[in-house]
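Okay, structure first, notes after.
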Amino acid sequence: MDEVKQLVTDIKKGNLKPIYFLMGDEPYYIDRISEFIEKTVLSEEERGFNQMVLYGRDVTVEDVVGNAKRFPMMAEHQVVVVKEAQDLSRTIEKFASYAANPQSTTVLVINYKYKKLDKRKALYKAINKVGVVFESKKLYENQVADWIRRVLASKKYSITPKAAQMLVEFLGTDLSKINNELEKLQIILPKETEITPEHIEENIGISKDYNNFELRKAVGERNTIKVYQIVKYFAENPKDNPMVVTVSLLFNFFSQLLHFHGLSDKSPRHVAQALKVNPYFVNEYITAAKNFPMRKVSAVVATLREFDVKSKGVGANAVPQGDLLKELMVRILN
Numbered sequence: 001m002d003e004v005k006q007l008v009t010d011i012k013k014g015n016l017k018p019i020y021f022l023m024g025d026e027p028y029y030i031d032r033i034s035e036f037i038e039k040t041v042l043s044e045e046e047r048g049f050n051q052m053v054l055y056g057r058d059v060t061v062e063d064v065v066g067n068a069k070r071f072p073m074m075a076e077h078q079v080v081v082v083k084e085a086q087d088l089s090r091t092i093e094k095f096a097s098y099a100a101n102p103q104s105t106t107v108l109v110i111n112y113k114y115k116k117l118d119k120r121k122a123l124y125k126a127i128n129k130v131g132v133v134f135e136s137k138k139l140y141e142n143q144v145a146d147w148i149r150r151v152l153a154s155k156k157y158s159i160t161p162k163a164a165q166m167l168v169e170f171l172g173t174d175l176s177k178i179n180n181e182l183e184k185l186q187i188i189l190p191k192e193t194e195i196t197p198e199h200i201e202e203n204i205g206i207s208k209d210y211n212n213f214e215l216r217k218a219v220g221e222r223n224t225i226k227v228y229q230i231v232k233y234f235a236e237n238p239k240d241n242p243m244v245v246t247v248s249l250l251f252n253f254f255s256q257l258l259h260f261h262g263l264s265d266k267s268p269r270h271v272a273q274a275l276k277v278n279p280y281f282v283n284e285y286i287t288a289a290k291n292f293p294m295r296k297v298s299a300v301v302a303t304l305r306e307f308d309v310k311s312k313g314v315g316a317n318a319v320p321q322g323d324l325l326k327e328l329m330v331r332i333l334n
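Right, dumping it as structure tokens:
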């Protein structure tokens with residue numbers, strides 16, 4: 001995120017590069033940077049003659065280079081944006097000759113999603129000398145809640161740890177999806193609002209009481225009644241609560257619990273750092289560790305591996321996922 005901020009700051013100051021090669025597995029930042037360049041470099045009047053958007057599936061590298069070599073009309077720069085440039089992956093290295101001597105009045109933006117340049121080859125080396133090669137990496141799941149908090153803080157909102165975790169568990173690590181939901185909340189709620197689980201439930205439709213976050217907490221507390229209430233809800237709403245996701249989240253939780261048992265320093269601060277979790281959730285691990293000794297945790301991890309395979313239809317084709325989940329909870333809690 002710091003790299004993105006620096007890039008945006010440079011563009012705002014007019015410190016433009018002739019080539020911006022935006023690549024990587026996380027499309028969110030690729031789209032945001034590209035859109036920012038499209039909206040910022042040229043004035044509205046200049047864009048009509050000097051801004052062009054091309055799509056990788058419709059053009060060749062030679063077409064792009066031909067457009068990039070044009071001179072701007074009544075403006076200092078022209079902007080050429082190539083979207084879905086990954087469709088040019090087989091011939092992408094042909095840009096190397098242009099990158100070695102780019103048109104100084106052109107800002108060429110190449111959106112190369114889900115792929116990366118080979119750093120050993122000529123194109124990467126050429127762009128790195130004169131332009132920007134930005135790699136947009138997928139965030140790990142334990143980084144997304146903090147990303148949500150920072151995005152909202154920049155818009156003068158805050159969010160409770162539980163509400164952020166609900167979004168992560170429901171939407172995964174897809175930053176574009178999460179951002180869309182955050183933008184909806186910003187339309188509905190006034191600035192300075194702290195977003196709560198109630199806001200998430202009312203406006204996004206994620207249950208604040210019946211979700212994987214609450215299931216994990218109930219399992220850790222060995223709260224059998226709560227566990228089976230949630231499992232019953234999941235069984236009745238399987239499309240919104242796929243078992244494969246539940247098993248994955250429980251596997252991560254018990255794997256972290258195994259790590260917790262092995263820590264010599266179990267102070268809350270050290271636990272949060274070692275497990276890479278928000279300090280708000282540390283007490284859940286402390287409680288769960290009391291209810292699940294290390295030997296039991298190891299057995300639960302093995303059970304979860306078994307049910308991960310079953311949840312994907314291997315060896316349990318005819319068993320409803322609701323019944324599988326109930327069986328899993330019996331195995332974990334007994």
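When we follow the UniProt record's numbering, the leftmost residue of the sequence shown carries the number 1, and every step to the right adds one.
Every residue, glycine too, gets a C-beta built ideally from N, C-alpha and C.
Here the structure is a predicted model, which is why all the values come from computation and not from measurement.
So the beta strand (DSSP E) residue i belongs to, where does it begin and stop?
i     : result
Met1  : Unbroken run through Met1: none, as it is neither H nor E.
Lys83 : Gln78 to Lys83
Phe21 : Ile19 to Gly24
Name the residue from the options whose alpha carbon lies nearest to the alpha carbon of residue i.
i           : options                           : result
Lys137      : Val109, Leu167, Pro161 and Asp174 : Asp174
Ile230      : Tyr210, Pro279, Leu189 and Pro197 : Tyr210
Thr91       : Leu42, Asn67, Asp118 and Phe71    : Asp118
Pro72       : Ser158, Val271, Asn50 and Leu22   : Asn50
Asp146      : Pro320, Lys296, Val277 and Ala299 : Val277
Arg331      : Val300, Lys184 and Ala318         : Val300
Lys162      : Phe170, Glu35 and Leu263          : Phe170
Thr105      : Phe95, Glu93, Tyr124 and Gln78    : Gln78
Lys156      : Arg269, Phe234 and Glu192         : Glu192
Val107      : Val4, Phe36 and Val168            : Phe36
Ala85       : Asp58, Glu76 and Ala96            : Asp58
Tyr3        : Ser248, Glu135, Arg269 and Leu185 : The sequence given here places Glu at residue 3; Tyr does not occur at that position. If we check each option's Cα against that of Glu3, Glu135 comes out closest.
residue 417 : Ala318, Gln103, Asp63 and Ile195  : Residue 417 lies beyond the stretch modelled for the chain, which goes from 1 to 334, so this question has no answer here.
Met269      : Pro238, Val282, Val64 and Met1    : Checking the sequence shown, residue 269 turns out to be Arg, not Met. Taking only the C-alpha atoms, the option nearest Arg269 is Val282.
Asn111      : Gly24, Asp308, Val247 and Lys13   : Gly24
Lys266      : Leu249, Glu284 and Leu250         : Glu284
Considering just the uninterrupted stretch of the alpha helix (DSSP H) at residue i, what are its terminal residues?
i      : result
Gln229 : Thr224 to Glu236
Asp146 : Glu141 to Ser154
Glu202 : Pro197 to Ile204
Asn241 : Here Asn241 belongs to no alpha helix (DSSP H), and DSSP marks it neither H nor E.
Ser207 : Premise fails: Ser207 is in no alpha helix (DSSP H) and is neither H nor E.
Pro161 : Pro161 to Leu171
Asn179 : Leu175 to Ile188
By how many angstroms is the C-alpha of residue j removed from the C-alpha of residue i?
i           : j      : result
Pro293      : His261 : 8 Å
Thr303      : Leu328 : 8 Å
Lys129      : Asn15  : 15 Å
Ala153      : Asn180 : 16 Å
Gly220      : Asn252 : 13 Å
Pro197      : Thr160 : 8 Å
Gln321      : Asn223 : 22 Å
Val80       : Asp31  : 15 Å
Tyr140      : Met74  : 46 Å
Tyr114      : Leu22  : 10 Å
Leu54       : Lys83  : 6 Å
residue 358 : Ile148 : Past the boundaries of the shown model lies residue 358; the chain is included only from 1 to 334, so the question cannot be answered.
Ala289      : Leu257 : 7 Å
Ser89       : Asn142 : 32 Å
Assuming residue i and residue j are in contact, meaning their beta carbons sit under 8 Å apart, how far apart are those beta carbons, in whole angstroms?
i      : j      : result
Gly66  : Asp87  : Not confirmed; about 18 Å, so no contact.
Ala218 : Lys208 : Rounded, the Cβ-Cβ distance is 14 Å, inconsistent with contact.
Phe213 : Met166 : 6 Å
Gly172 : Ile19  : About 32 Å separates the two Cβ atoms, so there is no contact after all.
Leu325 : Phe234 : 6 Å
Tyr280 : Ser176 : The Cβ separation is near 26 Å, so there is no contact.
Ala274 : Leu263 : 6 Å
Residue i CB to nearest chain C CB: under 8 Å?
i      : result
Ile230 : Among the protein chains of the structure shown there is no chain C, as only one such chain exists.
Whole alpha helix (DSSP H) elements within the region 247-328, 4-residue minimum: Fully contained in the region 247-328 are the following alpha helix (DSSP H) runs of length 4 or more, in chain order: 268-275, 282-291 and 294-311.
Alpha helix (DSSP H) segments (min. 4 residues) lying fully within the UniProt domain "DNA polymerase III delta N-terminal" (20-135): The UniProt domain "DNA polymerase III delta N-terminal" (20-135) is shown to contain whole alpha helix (DSSP H) runs of 4 or more residues at 27-40, 44-50, 61-68, 96-100 and 122-130, in chain order.
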